[in-house]
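For the protein sequence lines, the chains are A and B, in the order given. So the first sequence is numbered by our numbering: it starts at 1 and just counts up by one. So the second sequence is numbered by our numbering: it starts at 569 and just counts up by one. This report refers to the structure that appears directly beneath it.
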Amino acid sequence: MPDSSIVILVGGEAGQGLVTIGQLMAKALIRAGYEVVVSQDYQSRIRGGHNTFAIRTGLDPVHAPSEKVDILVALNAETVALHRHQLTPGGIVLADEAFDLSTSGAGLNLLRIPSKKLAPKAVHENVLALGVLGSTLCKDIGLLEALLRETFAKKGQEVIDQNLAVLRAAYAWTASQGHGFACMPPAPAMPGERLMLNGNEAIALGALAAGCNFCSFYPMTPGSSVALTLAAKAKVMGTVVEQAEDEIAAANMAVGAVCAGGRAMVPTSGGGFALMVEAVSLAGMLETPLVFVVAMRPGPATGLPTRTEQGDLNLVLYAGHGEFPRAVFAPGGVQECFYLTHRAFAMADKHQSPVFVLTDQYLADSFQNVEPFDLAELPELPAPLLEPADPKTYKRFALTGDGISPRAIPGFSTALVVSDSDEHTEDGKLTEDLDVRVQMVTKRLNKGLGLAEDAIPPSCYGEDGADVLLVCWGSTLGPALEARERLEESGKSAAVLHFSQVWPLNEDQFLAQLTGAKRAVCVEGNATGQLAKLIRQETGFRFQDLVLRFDGLPITAAFILRGLENIL
Amino acid sequence: MASSTVTAEDYGTFDTAWCPGCGNHPLLKCMKQALAGLGLAPHQVLMVTGIGQAAKAPLYMNCNMITGLHGRGLPAATGAKLANPELTVITECGDGCNYGEGGNHFLAAIRRNVDMTLIVHDNGIYGLTKGQASPTTAKGQVTKAQPFGQPSEAFNPMAVAVAMNAGFVARGFSGEPEHLVGLIQQAVRHKGFSVVDVFQPCVSFNNVNTFAWYKQRCRKISPEHDPADQEKALALALEFGESIPIGVLYKSGRAAFGADLPTLKRGPLALRQLDKAALQGVLRSYL
């Protein structure tokens with residue numbers, strides 16, 4: 001379908017409150033029944049710099065961020081100069097009348113806001129901008145009024161009333177301006193309830209739904225907000241959330257917590273995860289069900305701390321010395337962040353292995369509308385084994401056909417639960433018996449067969465035999481789907497093959513599609529085509545064409561189409 | 569939970585990989601006696617260790633055990649104790665593990681004050697890797713890796729712990745087993761983080777800090793010492809020369825970690841069930 005979405009871009013310095021404006025507007029749109037995808041671009045600083053909060057919205061599904069701007073909410077003059085080239089014909093700039101836009105605003109449809117008059121107190125500038133924006137979109141003021149009441153509920157009626165007065169003044173003034181921006185089409189009369197979540201919030205909630213009750217972490221952008229979400233809900237849910245002294249401690253703490261009966265998750269980003277690598281190997285050896293969330297940002301080293309990339313697939317695939325099984329999930333959107341995190345816990349628990357959720361800064365910070373989750377439909381994880389069948393003869397690493405041994409929790413029976421990071425016998429104690437070594441390696445790797453059987457097949461969108469097959473993983477799903485729509489509009493048939501689980505790979509699930517494709521193009525947010533290489537390594541299939549982005553910005557449909565121009 | 573019928577024999581007897589004459593042998597015996605004396609049965613105890621000759625100690629007694637990574641015993645123990653506050657959690661490993669590789673965890677454990685015990689086998693040398701300097705090796709001591717003498721100043725764990733207002737700080741000597749059993753028992757009973765640094769000679773790789781060296785220097789702290797007096801405790805901790813005080817140096821009286829944490833009051837994590845109603849409420853807060 002043709003693109004009917006509009007993009008609102010709020011731009012300004014860090015600390016100007018652009019996220020507040022953006023979040024309230026996005027929530028109002030979602031409540032009104034519109035589709036929303038947010039992308040946030042920010043610099044690694046607390047104040048100053050240039051940050052943006054972009055809302056792409058419409059009645060039809062929106063999959064991904066876009067490079068165009070229909071409404072530019074400029075909280076400073078610089079925003080106009082930086083983004084004027086993205087404005088669509090008919091687009092509009094909302095900016096304070098005091099900004100000097102004599103050069104940067106030339107030829108643009110400007111709505112100059114008399115801020116001093118409409119909101120004499122600087123503290124109300126955000127609500128003023130929100131009101132002008134809401135009115136420009138022809139949105140019902142009631143939605144924003146309700147949101148302001150909720151937002152300022154704890155600050156008392158006086159604060160609420162002051163903010164409502166500014167909002168109403170903004171609406172009234174904007175309506176009198178005849179700015180010429182076309183209203184959005186009206187939303188359905190009775191929109192269903194939908195949640196507004198970003199990827200990291202959805203990961204935290206998916207973990208809670210799986211019974212996660214322990215989270216140890218060391219702050220690192222863009223992974224931190226997973227832990228912060230759990231911390232914010234800890235009073236209600238009882239989750240033990242501990243900020244560790246470093247990432248090494250965070251990962252080892254989680255191993256200890258799981259061995260003692262917890263369900264644990266460790267969120268981090270690439271650099272922090274690099275410090276956890278030895279503990280990943282420990283989890284492999286102790287057969288500890290442990291979920292790591294790795295929110296990717298561009299490296300190497302500190303890289304671009306607040307931007308996005310899909311550069312750490314190899315790191316997560318190979319993290320940890322020695323050979324042991326693992327699974328790696330890569331959610332394609334916010335909704336999948338919830339369900340796949342739940343599944344990550346289920347797989348970790350079933351196969352007693354470390355399991356990874358691989359996300360990135362774009363998805364971590366991208367607010368999207370999500371249908372309410374049906375908790376009753378989620379499979380329940382088995383309760384911890386408190387008392388093994390015969391405590392006297394219990395062996396933590398008993399050899400079994402599938403490699404999975406009953407995992408008792410110490411302290412709840414007279415069984416002794418012994419786990420040694422050295423190679424160990426069935427009862428968990430250090431051994432240098434090399435025959436036992438071979439048995440134990442085989443046992444651990446056998447669990448990998450189970451993980452492979454349980455692997456989620458890649459999702460295919462579109463028909464076999466399409467002119468082009470876009471292959472992608474993780475958050476690249478959205479732009480790939482949109483690129484497919486644009487290609488179909490231009491008369492080319494296109495399909496998308498998306499891997500929401502990137503390890504283990506089961507070639508029976510996808511190889512025929514790759515070899516049968518007229519043109520398979522792998523689209524990734526990294527410089528070397530890590531998934532393409534992995535697929536070649538595992539199946540022998542070699543991609544002829546790659547579309548790769550590694551400038552720190554999220555992949556868009558337009559970026560993919562520009563890449564395809566050189567190929568098709 | 570404590571039982572008076574537990575004996576040191578319940579903790580079993582095992583062959584060890586330690587050298588004859590190693591200070592680890594009497595220390596292991598003291599651990600078993602101390603735990604049995606406290607009425608703790610093997611299944612009530614979780615030993616969490618790092619890597620090293622000392623860290624093998626729990627292999628030679630019946631108990632629950634996590635042998636983790638070098639230097640990372642304390643964080644794993646912290647996680648385990650937070651997951652099940654009813655377990656008796658003890659970390660036992662060497663000076664390299666705790667003061668070198670895991671130094672940051674040692675500082676954090678003192679600050680956090682989780683109700684668990686750290687027993688450090690302090691022999692002033694790396695045994696498992698065959699004789700390099702450890703953080704407690706004296707400045708100037710010659711080893712294979714430090715042929716010109718250890719160039720760095722030794723770490724003083726007792727002084728650091730007292731200065732950081734640790735919950736319970738004690739030093740023992742494997743050559744004073746009865747005294748040591750008492751220290752271990754007080755440490756385990758202490759509500760909060762307790763550390764016992766135990767001198768024990770490495771007969772293979774440390775020819776300076778021998779049994780005789782320690783025997784000559786260790787003197788028991790006088791019963792008049794008030795362990796609540798931080799200044800005096802620090803003075804004792806800094807006394808490290810011809811005479812070295814052993815015994816309880818300091819008890820700060822700090823409340824243990826989590827006393828005021830609502831999330832820990834709900835009991836062991838293994839017994840918790842997902843509160844779907846509460847989760848539903850959390851989900852609705854995102855509408």
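Don't be surprised by glycine CBs; every beta carbon is placed ideally from N, CA and C.
Here the alpha carbons of Pro-795 (chain B) and Met-633 (chain B) stand approximately 32 Å from one another.
CA-to-CA, the gap between Ser-281 (chain A) and Pro-457 (chain A) works out to about 26 Å.
For Lys-429 (chain A), the residues of chain B that pass the 7 Å Cβ criterion are Leu-627, in the order they occur in the chain. In this structure, the alpha-carbon of Thr-431 (chain A) lies about 16 Å from that of Arg-444 (chain A). Contact between the region 254-271 of chain A and the region 283-291 of chain A is present: 3 or more CB-CB pairs across the two stretches fall below 8 Å. Nearest to Cys-460 (chain A) by C-alpha distance, out of A:Lys-447, A:Ala-346, A:Ser-500, is A:Ser-500. When the five nearest sequence neighbours on each side are left out, the beta carbons in the same chain lying within less than 7 Å of the beta carbon of Glu-654 (chain B) are those of Pro-836, in order along the chain.
A:Gly-48 is the residue among A:Val-37, A:Ile-6, A:Gly-48, A:Ser-39 whose C-alpha sits nearest the C-alpha of Gly-15 (chain A). By the neighbour-count criterion, in which 16 or more other beta carbons inside 10 Å mark a residue as buried, Val-438 (chain A) falls on the exposed side. Only those residues of the region 640-656 of chain B whose C-beta falls short of 7 Å from the nearest C-beta of chain A are listed: Arg-640, Pro-643, Ala-644, Ala-645, Thr-646, Gly-647, Ala-648, Leu-650, Ala-651, Asn-652, Glu-654, Leu-655.
Ala-249 (chain A) is positioned such that its CB atom lies closer than 9 Å to that of Asn-672 (chain B). The residue from A:Arg-45, A:Cys-472, A:Gly-134, A:Val-471 with its alpha-carbon nearest to that of Leu-304 (chain A) is A:Arg-45. At least 9 Å separates the beta-carbon of Gly-206 (chain A) from that of Gln-612 (chain B).
In this structure, Phe-716 (chain B) keeps its C-beta atom at 9 Å or more from the C-beta atom of Gly-743 (chain B). Within the region 246-259 of chain A, the residues whose Cβ lies closer than 9 Å to some Cβ of chain B are Asp-246, Ile-248, Ala-249, Ala-250, Ala-251, Asn-252, Met-253, Ala-254, Val-255, Gly-256, Ala-257, Val-258, Cys-259, listed in chain order. Beyond the five residues adjoining it in sequence on each side, Cys-472 (chain A) comes within less than 6 Å, by CB distance, of Ala-480, His-498, Val-523 in the same chain, given in chain order. Considering only A:Ser-475, A:Leu-487, A:Gly-474, A:Ala-466, the residue with the shortest C-alpha distance to Gly-516 (chain A) is A:Ala-466.
Taken through DSSP and simplified to helix, strand or coil, Gln-601 (chain B) comes out as helix. DSSP places Gln-361 (chain A) within a helical segment (H, G or I) once states are collapsed to three. For the 9 Å CB-CB criterion, Gly-815 (chain B) and His-758 (chain B) do not form a contact. Phe-181 (chain A) is positioned such that its CB atom lies closer than 9 Å to that of Ile-92 (chain A). For Glu-423 (chain A), no Cβ of chain B is located within less than 9 Å of the residue's own Cβ.
Separation of Lys-350 (chain A) and Gly-664 (chain B) (C-alpha to C-alpha, rounded to the nearest whole angstrom) is 36 Å.
For Phe-674 (chain B), the enclosing alpha helix (DSSP H) stretches over residues 671-680.
Only residues of its own chain outside the window of five on either side were considered, and among them Gly-199, Ala-202, Ile-203, Pro-331 have a CB closer than 6 Å to the CB of Cys-337 (chain A), listed in chain order. Listed in chain order, the positions of the region 675-691 of chain B with a beta carbon within less than 8 Å of a beta carbon of chain A are Leu-675, Ala-676. Within the region 635-707 of chain B, the complete alpha helix (DSSP H) segments of 4 residues or longer fall at 641-651, 671-680, listed in chain order. When 9 Å is used as the limit between beta carbons, Gln-621 (chain B) is near no residue of chain A, the shortest such separation being about 12 Å. Using a CB distance cut-off of 9 Å, Leu-340 (chain A) does not count as an interface residue toward chain B. Gly-647 (chain B) is positioned such that its CB atom lies closer than 9 Å to that of Cys-259 (chain A). In this chain, the beta strand (DSSP E) harbouring Ala-295 (chain A) covers 290-296. For Thr-239 (chain A), at least one C-beta of chain B is nearer than 9 Å to its own C-beta. Not flagged as an interface residue toward chain A: Asp-583 (chain B), since no C-beta distance is shorter than 9 Å. Straight-line spacing of the CA atoms in Arg-326 (chain A) and Glu-287 (chain A) works out to 10 Å. Straight through space, the alpha carbons of Val-688 (chain B) and Pro-594 (chain B) are spaced by roughly 14 Å. Straight through space, the alpha carbons of Phe-773 (chain B) and Ser-820 (chain B) are spaced by roughly 36 Å.
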